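A.B. asks:
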Ligand SMILES: Nc1ncnc2c1ncn2[C@@H]1O[C@H](COP(=O)(O)OP(=O)(O)OP(=O)(O)O)[C@@H](O)[C@H]1O
Ligand SMILES: [Mg+2]
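Residue numbers (the working numbering), protein chains in the order written: chain A, 37 to 296; chain B, 1323 to 1589.
This is the structure we're talking about:
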């Protein structure tokens, strides 16, 4: 019970912490919307030339475009690490690793709070404006909110691993850049995974990045059986968190037992 | 209350083991106020980290409030307070008050006891004007008072502080000192602190530990410490003399070669 209150509080704080950066969120929402409109025109041209590309109708393609724009904030598609990255650099992570609450659960609660805020501030505007300007498809499946939430959790699991690797590297810029590229490309953010050629598509559709963007978008569009989609996301969520827990043990060994 | 038995810590630096703390044995009784001195890199922070479970010893062992800091860290956390002057355990983006709330939930402090304790600490440490300010906007002195409060919310028997007065102005320093003195006198809290400020030692500590090159070089009262170096007026000179005449395994200052004459201390 006390633990539940703690995590609820962390969720609230995560939410509130981001709500203090309102200007940044509005700027983000504006950029996401403008880029959505630009991308939509490109996709319209493409789909008019090649109707039914990637198995989407034109309206579905435009919907996909605005949904992926809406996912940028909550799913951190550009691969920003978690806030404890700074604490690894300063050595303060030692204190976090010996706290009575596990770092993984702790940062998940905070990150879900962050995602909840960014959903309101950065996801709703592009979706609403997109729907006002273009013809979009309404969500087919009642499972979409769950799929969206699982997308956030998978994204968290991935970023947790990426952030924690800083315990072993002196310069973490490389891994963050790599993570950003992988996430953008393989999540379906740049292009729907259905447009990827043969084997690349198979690989991309099996990776965790698909669970962040492509899969929740497909659940909205009804392009994939919802239970299969949710199962795939859940599998990656569990796998990444499991890895995260193992890596936390290793980080604790490294920082607390060996002294950094 | 605190006991170390041949406590030691080696660090692996580029493949070789370098000792930071060696064969350290001392005992601090309940209600004592002990200050820990030592030149930069002597091993004070490393010792404090081992006493608080943030670092695992490589040799010997420590007992704090009867608990092993490494293996019983969670139980220990509820009985000791820890402040690292150079770092903060507060949450950077959160108002001070919210950080305290997290500490309360984390260490399972009863809500009513928490309210009462926070009210007391708010009054004595004069926190009221900035309880709602995010930690990143606090001045160093305000932040330190916040950190000390966070360490005391669960009313611990032992308080361990690593350089609690670092960077504080004269007034803030005096406030922190008088607070710690009162805490020790009125509540009987055992206090162990490290410092480079000899004013802390003179005004607060009935007992001094001197750590040098990871070893315990002196353990006694301030008067006994002075008596080690006769003819020195100020305690600064006494301590400087002790630091400079220490017998290192390797030269401490770059200018000093092992076969050079020992430097003399000038006032
Ligand atoms: N994580 C680490 N890895 C390697 N060496 C370390 C590590 N932490 C401390 N040391 C070394 O151990 C020695 C003792 O450091 P420590 O921080 O305990 O000194 P200190 O007495 O607190 O010094 P100061 O007064 O400067 O704070 C130093 O030589 C330091 O370089
Ligand atoms: Mg130190």
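Heads up, the beta-carbon is just placed ideally off N, CA and C, and yes, glycines get one too.
Predicted model, so just to flag it, every value in this text is computed and none were measured.
Which residues, in chain order, does the region 261-295 of chain A contribute to contact with chain B at a C-beta distance below 8 Å?
C.D. replies: If the cut-off is 8 Å between Cβ atoms, the region 261-295 of chain A has 292, 293, 294, 295 near chain B.
A.B. asks: Could you name the residues of chain B that residue 135 of chain A contacts, counting a contact when the two beta carbons are closer than 7 Å?
C.D. replies: 1428
A.B. asks: Since I believe residue 243 of chain A is in contact with residue 222 of chain A (beta carbons under 8 Å), could you give me their beta-carbon distance rounded to a whole number of angstroms?
C.D. replies: 5 Å between Cβ atoms; contact.
A.B. asks: For residue 299 of chain A, which three-state DSSP category applies?
C.D. replies: In the structure as shown, chain A starts at 37 and stops at 296, and residue 299 of chain A therefore has no counterpart that could be examined.
A.B. asks: Pick from A/188, A/91, A/184: whose alpha carbon is nearest that of residue 232 of chain A?
C.D. replies: A/91
A.B. asks: What three-state label does DSSP hand residue 203 of chain A in the structure shown?
C.D. replies: helix
A.B. asks: Note down the Cα distance separating residue 1427 of chain B from residue 52 of chain A, rounded to an integer number of angstroms.
C.D. replies: 18 Å
A.B. asks: Is it right to say residue 40 of chain A is buried, meaning 16 or more other beta carbons lie within 10 angstroms of its own, or is it exposed?
C.D. replies: By the neighbour-count rule (16 or more Cβ atoms within 10 Å), residue 40 of chain A is not buried but exposed.
A.B. asks: What would DSSP say about residue 187 of chain A, mapped onto helix, strand or coil?
C.D. replies: Residue 187 of chain A carries a helical assignment under DSSP once its states are collapsed to helix, strand and coil.
A.B. asks: Give every residue of the same chain whose Cβ lies closer than 6 Å to the Cβ of residue 1483 of chain B, excluding the five residues on either side of it in the sequence, and list them in chain order.
C.D. replies: Excluding sequence neighbours, residue 1483 of chain B sits near 1405, 1515.
A.B. asks: Can residue 1371 of chain B be considered in contact with ligand 2, in the sense that its beta carbon sits closer than 7 Å to one or more heavy atoms?
C.D. replies: no
A.B. asks: Give the DSSP bridge partners of residue 1482 of chain B, in chain order.
C.D. replies: B/1404, B/1514
A.B. asks: Straight-line CA distance for residue 1327 of chain B to residue 1386 of chain B?
C.D. replies: Looking at the two C-alpha atoms, the distance is approximately 12 Å.
A.B. asks: Within 10 Å of its beta-carbon, does residue 1581 of chain B have 16 or more other beta-carbons around it, so buried, or fewer, so exposed?
C.D. replies: Only weak support exists for where residue 1581 of chain B lies, its pLDDT of 40 falling under 50; the value from the coordinates is given anyway. Residue 1581 of chain B is exposed by the Cβ-count criterion.
A.B. asks: CB-CB under 6 Å to residue 1468 of chain B, same chain, minus the five flanking residues each way: which ones, in chain order?
C.D. replies: 1412, 1418
A.B. asks: Under a CB-based cut-off of 8 Å, is residue 1485 of chain B close to chain A?
C.D. replies: no
A.B. asks: Okay, do the region 1350-1360 of chain B and the region 170-185 of chain A touch, 3+ Cβ pairs below 8 Å being the bar?
C.D. replies: No, the region 1350-1360 of chain B does not touch the region 170-185 of chain A.
A.B. asks: For residue 281 of chain A, tell me which candidate among A/184, A/140, A/93, A/248 has the shortest Cα-Cα distance.
C.D. replies: A/140
A.B. asks: Using the rule of at least 16 other Cβ atoms within 10 Å of the residue's Cβ for burial, across every protein chain shown, is residue 208 of chain A buried or exposed?
C.D. replies: With 16 or more Cβ atoms within 10 Å of its Cβ, residue 208 of chain A is classed as buried.
A.B. asks: If the cut-off is 7 Å on Cβ atoms, which residues from the region 42-55 of chain A count as contacting chain B, listed in chain order?
C.D. replies: 42, 45, 49, 53
A.B. asks: Which one of B/1410, B/1371, B/1407 has the shortest CA to CA distance from residue 1395 of chain B?
C.D. replies: Of B/1410, B/1371, B/1407, the residue nearest in Cα terms is B/1371.
A.B. asks: For residue 50 of chain A, does the three-state DSSP call read helix, strand or coil?
C.D. replies: helix
A.B. asks: Whether or not the region 154-163 of chain A and the region 66-81 of chain A are in contact is what I'm after, with contact meaning three or more pairs of Cβ atoms, one per stretch, closer than 8 Å; do they touch?
C.D. replies: yes
A.B. asks: On a Cα-Cα basis, can you pick out the residue from A/74, A/245, A/99 that is closest to residue 259 of chain A?
C.D. replies: For residue 259 of chain A, the closest alpha carbon among the candidates A/74, A/245, A/99 is that of A/99.
A.B. asks: Using a Cβ cut-off of 7 Å, pull out every chain B residue sitting near residue 130 of chain A, in sequence order please.
C.D. replies: 1376
A.B. asks: Could you tell me which chain B residues have their CB closer than 8 Å to the CB of residue 38 of chain A, listed as they occur along the chain?
C.D. replies: Going along chain B in sequence order, the residues near residue 38 of chain A (Cβ under 8 Å) are 1427, 1430.
A.B. asks: From residue 224 of chain A to residue 184 of chain A, what does the alpha carbon distance come to, in whole angstroms?
C.D. replies: 14 Å
A.B. asks: Any heavy atom of ligand 2 closer than 7 Å to the CB of residue 1484 of chain B?
C.D. replies: yes
A.B. asks: Here's a check: name, in chain order, each residue in its chain whose Cβ is nearer than 7 Å to the Cβ of residue 165 of chain A, leaving out the five neighbours to either side.
C.D. replies: 69
A.B. asks: Looking only at C-alpha atoms, which of B/1537, B/1388, B/1472, B/1529 sits nearest to residue 1546 of chain B?
C.D. replies: B/1529
A.B. asks: Could you tell me whether the region 111-121 of chain A touches the region 238-257 of chain A, where touching means 3 or more Cβ pairs closer than 8 Å?
C.D. replies: yes
A.B. asks: Can you list, in chain order, every residue whose CB sits closer than 6 Å to a heavy atom of ligand 1?
C.D. replies: A/295, A/296, B/1333, B/1335, B/1342, B/1360, B/1362, B/1363, B/1364, B/1365, B/1366, B/1367, B/1368
A.B. asks: Mind listing, in chain order, the continuous alpha helix (DSSP H) runs of no fewer than 4 residues lying wholly within the region 1398-1476 of chain B?
C.D. replies: 1418-1428, 1433-1446, 1462-1474
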